[in-house]
Amino acid sequence: MIYIKGYGVTQSYQEAVKWFRKAAEQGDALAQDALRKIGAE
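Per UniProt numbering, residue 1 is the first one in the sequence shown, and the count goes up by one each step.
Here it is, written out as structure tokens:
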């Protein structure tokens, strides 16, 4: 969420997707849901 919102960092959807994917690959349900919501599955 930090990269999507730009909290303390430059806003970057690409960076956000990278980290959501890493978490989703490890079974993180919130990251999987975030990827679905932003259409980056």
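Quick reminder that beta carbons are idealized off the backbone N, C-alpha and C, glycines included.
What does the alpha-carbon distance come out to for the pair residue i and residue j?
| i | j | result |
| --- | --- | --- |
| Lys18 | Gly8 | 18 Å |
| Lys37 | Lys5 | 15 Å |
| Met1 | Ala16 | 7 Å |
| Asp28 | Ser12 | 21 Å |
| Leu30 | Gln14 | 18 Å |
| Tyr3 | Gln32 | 16 Å |
So for residue i, helix, strand or coil by DSSP?
| i | result |
| --- | --- |
| Asp28 | coil |
| Ala40 | coil |
| Tyr7 | coil |
Relative to the C-alpha of residue i, which candidate in the options has its C-alpha closest?
| i | options | result |
| --- | --- | --- |
| Gly39 | Gln11, Ile2, Arg21 | Arg21 |
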